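Participant: Protein chains in written order, with the working numbering: chain R, 3 to 342; chain L, -17 to 81. Beta carbons are placed, not taken as given, at the ideal position from N, Cα and C, and that holds for glycine. All figures in this text were calculated on a predicted structure; none of them were measured in a lab. What follows is a structure written as structure tokens; I'll ask about it next.
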Amino acid sequence: MKKHLFKVKQYLLSGVSYAIPFVACGGILIAVAIALAPMGLEGPDFSQSPFLKMLMDIGSSAFSLLVPVLAGYIAFGMADRPGLVPGFVGGAIANQIGAGFLGGLVAGLLAGAVVMLIKKVKVPIYFKPVMPILVIPVVASLVVGFVMFRFLGVPIRELMTSMSAWLQVMGTGNRVVLAAVLGAMIAFDMGGPVNKAAFFFSAAMIKEGNFAPMGACAAAICVPPLGMGLATLLGRHLWTQQEREAGYASLAMGMIGITEGAIPFAAAEPLRVIPVIMSGSMLAAVIAMLGGVGDHAPHGGPIVLPVVDNRLAYVLAITAGALAVALLANAIRKWRGAKI
Amino acid sequence: MKIVAVTACPTGIAHTYMAAEQLEKTARQLGHQIKVETQGAMGIENELSAVDIQGADLAIFAADIAVQNRERFADLKIVEVAVQDAIKNPAALFSRLAE
């Protein structure tokens, strides 16, 4: 069983290993563009600077490859070269459906498993050359694509719509509960569909003149990457050198409100990291809501501080959330060790 | 013993090379011959040739991610460990090989 978990972790890390440079490229270019552009009511305003807009677009292109590369190389880790095609295709479909990073993980594992099964089929020697260039790419992509479109895409889309309908009803209800739910959703998949559902609800509320949901989101958005980065700084001996290096990148992405910065940590140990960052983001969102934080721009993290109401409460919320994540993550490390 | 080894960590900039260094150092101390291929962020370096692999008694994979071009080692006994094992306690790893 332990051997098995080690294998699955190795598959997931293979995907992460190839995806990291894409996160860095996209994250940094987008961040530079956002940081240099004036912050308007609708978010960063690129109307005056086509060059910054181009930086933004280059960064976005790199980000859009993140999920396919993640899925492709998870499948590569499992099934070697024949895994690449169904993995990439499955990841691209996950992107297209809006299933985000979790969709990519599932698509990659599925593609790898399908190819592993096909490779077990005994074929006559004269048929062998056709397998890797024709049969496996077509058959495996068909299976993965079919499952993604037919079985996984629909539930995710339904989850999304029911979630946003539920949010609309709750908007008039208990504000603390709303903040906790938004915070949990923001952290849950780090930039995936659940995160985006909460984000778009809050962004829509800005247009209605209600800046509080976005204020809660803005605080929650930066807590997972800031918290995980802070954890590697506070408990240096608990983390491997490569995790500490990922920690620096994570901190930088947290500062500019890119939740994806925590993905390397969450992808390696999803069952541990995701609950921890969810609780930290919930705490930050609730403090922001109670402190009357309002955010006028649809973006999060310390970078939007200039367009936030009640800045002190905003800083307090982020600090508390990130500290909670760091202390919890390190406590779990200390208690259970680094291995799953 | 003649040993070939591959090291690979997820980021591929530090641990891959630290593990390679430890394996080489320990093997030399114990009087083994070793050649270590690193699969890092810059790609494959110090690549193992077919002759290297044919002449080896066994292969060590110290990797936290999938090893590339694994099929080259099809005829060889492979010992698989985590990168940390090679860095922290290479001596224990080599005493396991002796068994």
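1) Under the three-state reduction of DSSP, which class applies to Met24 of chain L: helix, strand or coil?
2) Exposed or buried, which one is Asn197 of chain R when buried takes at least 16 other CB atoms within 10 Å?
3) Sorted by chain position, which residues of the same chain lie with C-beta nearer than 7 Å to Val116 of chain R's C-beta, five sequence neighbours on each side aside?
4) Listing by chain order, which chain L residues have their CB less than 9 Å from the CB of Phe24 of chain R?
5) Kindly say whether Ser16 of chain R, judged by its beta-carbon, lies nearer than 8 Å to any beta-carbon of chain L.
6) According to DSSP, which residues form a beta bridge with Lys70 of chain L?
7) What does a CB cutoff of less than 7 Å around Lys(-16) of chain L pick up in its chain, not counting 5 residues either side in sequence?
8) Please state whether DSSP places Lys59 of chain L in a helix, a strand or coil.
9) Is it buried or exposed for His6 of chain R, if we count other Cβ within 10 angstroms and need 16 for buried?
10) Whose C-beta lies closer than 8 Å to the C-beta of Leu314 of chain R among residues of the same chain, with five residues either side of it excluded?
11) Under DSSP, the alpha helix (DSSP H) around Val309 of chain R begins and ends at which residues?
12) Give a yes or no on whether the minimum CB-CB distance between Arg105 of chain L and chain R is below 8 Å.
13) At least one CB of chain R closer than 8 Å to the CB of His(-3) of chain L: is that the case?
14) Would you tell me roughly how many angstroms separate the C-alpha atoms of Ala186 of chain R and Ala322 of chain R, rounded to the nearest one?
15) If I follow the unbroken beta strand (DSSP E) through Lys(-16) of chain L, where does it start and stop?
16) Kindly confirm or deny that the segment 274 to 289 of chain R and the segment 248 to 258 of chain R touch, where touching means at least three C-beta pairs closer than 8 Å.
17) Taking a contact to mean a Cβ-Cβ separation below 8 Å, would you say Gly79 of chain R touches Gly28 of chain R in this structure?
18) Could you work out which residues of chain R lie near Thr(-7) of chain L, taking near to mean beta carbons separated by less than 8 Å?
19) Using a cut-off of 7 Å between C-beta atoms, extract the partners of Asp46 of chain L located in chain R.
20) Pairs of beta-carbons, one from the segment 112 to 129 of chain R and one from the segment 37 to 53 of chain R, closer than 8 Å: are there three or more?
21) Can you check DSSP and say which residues form a bridge with Ile42 of chain L?
22) On the DSSP letters alone, give me the boundaries of the alpha helix (DSSP H) that Met230 of chain R sits inside.
23) List the residues of chain L whose Cβ lies closer than 8 Å to the Cβ of Phe2 of chain R, in chain order.
24) Could you work out which residues of chain L lie near Asp82 of chain R, taking near to mean beta carbons separated by less than 8 Å?
25) With DSSP as the reference, please indicate the residues paired to Met41 of chain R in a beta bridge.
26) Determine the burial state of Leu273 of chain R: buried for a count of at least 16 other Cβ atoms within 10 Å of its Cβ, exposed for fewer.
27) Going by alpha carbons, who is nearest to Leu14 of chain R out of R:Pro46, R:Phe153, R:Leu107 and R:Arg238?
28) By the criterion of Cβ-Cβ separation under 8 Å, what are the contact partners of Gln36 of chain L in chain R?
29) Below 8 Å between beta carbons: does that hold for Phe103 of chain R and Val140 of chain R?
30) So, is the C-beta of Gln4 of chain L closer than 8 Å to a C-beta in chain R?
31) Measure the CB-CB distance between Ala45 of chain L and Gln4 of chain L and report whether it falls below 8 Å.
Facilitator: Let me lay it out:
1) coil
2) buried
3) Pro88, Ala142, Val145 and Val146, listed in sequence order.
4) None at all; the shortest Cβ gap to chain L is about 13 Å.
5) yes
6) Partner(s): none; Lys70 of chain L has no beta bridge.
7) Within the same chain, and ignoring the five residues on either side of Lys(-16) of chain L in sequence, the residues whose Cβ sits closer than 7 Å to its Cβ are Gln15, Gly37, Ala38 and Asp39.
8) coil
9) exposed
10) Cβ within range, chain order: Gly293.
11) Looking at the DSSP string, Val309 of chain R is not in any alpha helix (DSSP H), and its letter there is neither H nor E.
12) This structure leaves residue 105 of chain L out entirely; chain L is present only between -17 and 81.
13) yes
14) 15 Å
15) Per DSSP, Lys(-16) of chain L belongs to the beta strand (DSSP E) from Lys(-16) to Ala(-10).
16) no
17) no
18) The contacting residues are Ser19, Ile22, Gln244, Glu247 and Ala248.
19) Gln12 and Leu15
20) Contact between the segment 112 to 129 of chain R and the segment 37 to 53 of chain R is absent, because fewer than three Cβ pairs lie under 8 Å.
21) L:Ala(-13) and L:Val61
22) Ala214 to Leu236
23) Lying outside 3 to 342, the shown extent of chain R, residue 2 of chain R is not represented and no answer is given.
24) Ala48, Arg52 and Glu53
25) R:Pro46
26) Exposed, by the Cβ-count rule.
27) R:Leu107
28) None at all; the shortest Cβ gap to chain R is about 21 Å.
29) no
30) Cβ-Cβ to chain R under 8 Å: no for Gln4 of chain L.
31) no
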